[in-house]
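**Q** For the sequence shown, our numbering gives the first residue as 3, with consecutive numbering after it. Backbone N, C-alpha and C fix where the C-beta goes; we use that ideal spot for every residue, glycine too. This one's a predicted model, so the numbers in the text were calculated from it and none came from an experiment.
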Amino acid sequence: MKTLNESPVRDWLNEEDLYKCVHCGFCLQSCPTYLETGLETESPRGRIALMKAVNESRLEIDESVIGHWDLCIQCRACEVACPSGVPYGSLIEKTLENVEPYRQRNKISKFIRSVVLKVIVKRQNILSAMFIGLRLYSATGVQKVLRKTRLLEFVSKKLDLIERSTPLIHGKSFKSKGQYYKPEKEQTAVVNLLSGCVMPLVQGDQMRAVVEVLKETGTGVKVPADQVCCGAINSHLGDMDSSRQLARDNIDAFNSNQDPIVVASAGCGARMKEYSSLLSSDPEYADKAKKFGERVLDLHEYIREKQIDLPTSSDSEPLLVTYQDSCHLGNVQGIKQAPREIIRRLPGVEFKELKDSNICCGAGGAYMVTQPEMSNKVLSSKIKNIQDTGADVVITSNPGCYMQIESGIKKYGLDIKVKYVAEMINELCEQNKN
């Protein structure tokens with residue numbers, strides 16, 4: 003057993019932040035893993051208690067302890083519920099970053115992790131090649147055969163769950179080539195657009211809808227060619243060094259001008275707004291990161307600020323629409339009302355609140371792949387609530403949430419569409435043009 007002075011957590015965490023938690027329990031009912039298990043160790047309070055126990059040398063770090071930290075989705079709903087202001091997101095990120103030497107990974111696992119996080123995520127051309135393979139996997143019928151015969155379930159239930167979360171591909175990829183989109187109406191502003199890493203490959207049609215909606219506000223749209231992944235996936239998995247480097251690369255990529263940076267992915271926007279804390283110890287980039295974060299705007303913020311002229315009528319049948327808060331939009335960026343206000347303004351739409359819309363859907367970036375069992379339990383609860391609304395459409399604001407909910411709807415055979423606000427607006431604008 004390590005002595006108090008040898009406690010590794012002392013070097014990882016700010017003790018003032020760690021001991022802000024007074025174990026009041028306000029966080030429990032906001033935590034998806036606690037709600038599914040009822041276990042104290044699967045709650046924010048319990049995970050912090052484990053950090054404290056290690057810090058005080060009452061507990062040694064082993065795979066069991068790490069497992070409780072790993073099962074956290076990092077939705078950060080607990081931060082909203084916490085009356086003491088515990089920065090839980092920072093605590094869990096730093097913990098996961100530093101437990102890597104304590105993990106019992108085999109060489110193959112280490113190699114795969116290294117390749118995925120340090121090579122594939124950083125290079126859009128490799129990601130693109132992978133998604134071409136995904137398109138072929140679906141188009142050739144291999145996916146259909148595997149699902150119908152349930153062959154993967156016989157090999158590994160976990161592998162079968164991962165395969166069933168394979169995303170649907172929506173249209174051609176949206177490439178970041180330094181292009182500029184000029185609005186047809188009078189131009190009143192110019193923004194940079196983050197395309198991200200997953201959304202442009204899986205949801206190219208949706209990215210094009212974002213561009214069209216921005217143009218409808220009279221905004222010119224620049225798509226910097228050298229932009230990279232925001233680093234959120236890396237930070238969720240404890241690879242903070244790569245996350246910091248990706249942050250530096252993006253700061254440089256968007257540094258040719260000082261125009262606002264509009265982000266359509268809630269997770270990316272949250273990460274980018276927090277570059278200042280991520281790079282606070284970097285003498286070269288600390289000030290750049292602060293200024294960069296101040297330029298970042300979520301798409302819903304921008305649309306509301308620009309007061310977009312929405313169509314006043316719709317040719318379609320009336321739609322019942324509900325909204326699932328993306329955790330990193332509501333909990334981290336504090337943006338909850340803007341999407342709802344825009345949805346309520348859409349013609350031909352009746353809005354109905356979703357029960358527990360503030361509770362995570364279980365996507366969590368790479369969580370749906372690394373923790374498929376818990377991810378699916380959380381998703382099942384979410385799909386039931388969506389079904390209970392009777393909605394025709396469920397709107398969300400993050401690609402991970404979109405893919406997760408879409409897979410759940412398909413799994414349960416429901417006739418409900420998943421959309422972004424930008425898709426809804428663009429469809430109405432197209433109707434009015436025709």
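Around the Cβ of C33, are there at least 16 other Cβ atoms within 10 angstroms (buried) or fewer (exposed)?
**A** buried
**Q** Quick check on L138: does DSSP put it in helix, strand or coil?
**A** helix
**Q** If you run the structure through DSSP and keep just helix, strand and coil, what is N7?
**A** Confidence is the limiting factor: at N7 the pLDDT is only 43, short of 50, which leaves the residue's position unreliable, though a coordinate-based value still follows. Looking at N7 - three-state DSSP - the assignment turns out to be helix.
**Q** By the three-class DSSP mapping on this structure, what secondary structure does I397 have?
**A** strand
**Q** Check this for me: beta carbons of G332 and V82, under 9 Å apart or not?
**A** yes
**Q** Kindly indicate the opening and closing residues of the alpha helix (DSSP H) around T35.
**A** 34–39 is the extent of the alpha helix (DSSP H) around T35.
**Q** R152: buried (16+ other C-beta within 10 angstroms of its C-beta) or exposed?
**A** exposed
**Q** Report the rounded CA-to-CA distance for L154 versus W71, giving the unit in angstroms.
**A** 28 Å
**Q** Kindly list the residues whose CB is nearer than 6 Å to the CB of V192, restricted to its own chain and excluding five residues on each side of it in sequence; keep chain order.
**A** G222, D261
**Q** Taking 9 Å as the cut-off, decide whether the C-beta atoms of R273 and A234 are in contact.
**A** yes
**Q** Please say whether S328 and A268 have beta carbons closer to each other than 9 Å?
**A** yes
**Q** Give me, in chain order, the residues of the same chain whose beta-carbon lies closer than 7 Å to that of K379; leave out the 5 immediate sequence neighbours on both sides.
**A** E38
**Q** Would you say I397 and V423 are within 9 Å of each other, going by their C-beta atoms?
**A** Note that the C-beta distance between I397 and V423 is below 9 Å.
**Q** Excluding the five sequence neighbours on either side, which residues of its own chain have a C-beta within less than 8 Å of the C-beta of L15, listed in chain order?
**A** M53, N57, L93, K96, T97
**Q** Could you tell me which residues DSSP puts in a beta bridge with E352?
**A** L322
**Q** Secondary structure at N194, three-state DSSP: helix, strand or coil?
**A** strand
**Q** For G392 versus K421, is the C-beta distance shorter than 9 Å?
**A** no
**Q** I need the DSSP call for D19, collapsed to helix, strand or coil.
**A** helix
**Q** I need the DSSP call for D64, collapsed to helix, strand or coil.
**A** coil
**Q** Assess contact between the segment 156–165 and the segment 130–144, defined as three or more Cβ pairs (one per stretch) separated by less than 8 Å. Is contact present?
**A** no
**Q** In chain order, what residues of the same chain have a beta carbon less than 7 Å from the beta carbon of M3, not counting five sequence neighbours either side?
**A** Residue placement at M3 cannot be trusted, given a pLDDT of 35 that sits under 50; what the coordinates show is reported in the next sentence. Same-chain partners within the cutoff: S59, E62.
**Q** In terms of alpha-carbon separation, which member of Q335, L41, K412, V395 lies closest to E303?
**A** Here the closest residue by C-alpha is Q335.
**Q** Sorted by chain position, which residues of the same chain lie with C-beta nearer than 8 Å to L148's C-beta, five sequence neighbours on each side aside?
**A** L154, E165
**Q** Evaluate contact between the segment 405–419 and the segment 336–353, counting only Cβ atoms and requiring at least three cross-stretch pairs below 8 Å.
**A** no
**Q** Taking three-plus beta-carbon pairs below 8 Å as touching, is the segment 238–251 in contact with the segment 302–318?
**A** No: the two stretches stay apart, fewer than three of their Cβ pairs being nearer than 8 Å.
**Q** Beta-carbon separation of L203 and C231 under 9 Å?
**A** Cβ distance not < 9 Å, so L203 and C231 don't count as in contact.
**Q** In or out: C23 buried (at least 16 other Cβ within 10 Å) or exposed?
**A** buried
**Q** Looking only at its chain, what residues have a beta carbon closer than 8 Å to the beta carbon of K120, apart from the 5 residues adjacent to it on each side?
**A** So the list reads D241, S244, once near-sequence residues are dropped.
**Q** Considering D261, what are the terminal residues of the beta strand (DSSP E) in which it resides?
**A** Premise fails: D261 is in no beta strand (DSSP E) and is neither H nor E.
**Q** Can you name the start and end residues of the alpha helix (DSSP H) that D241 belongs to?
**A** It is not in any alpha helix (DSSP H) - D241 carries neither H nor E in the DSSP assignment.
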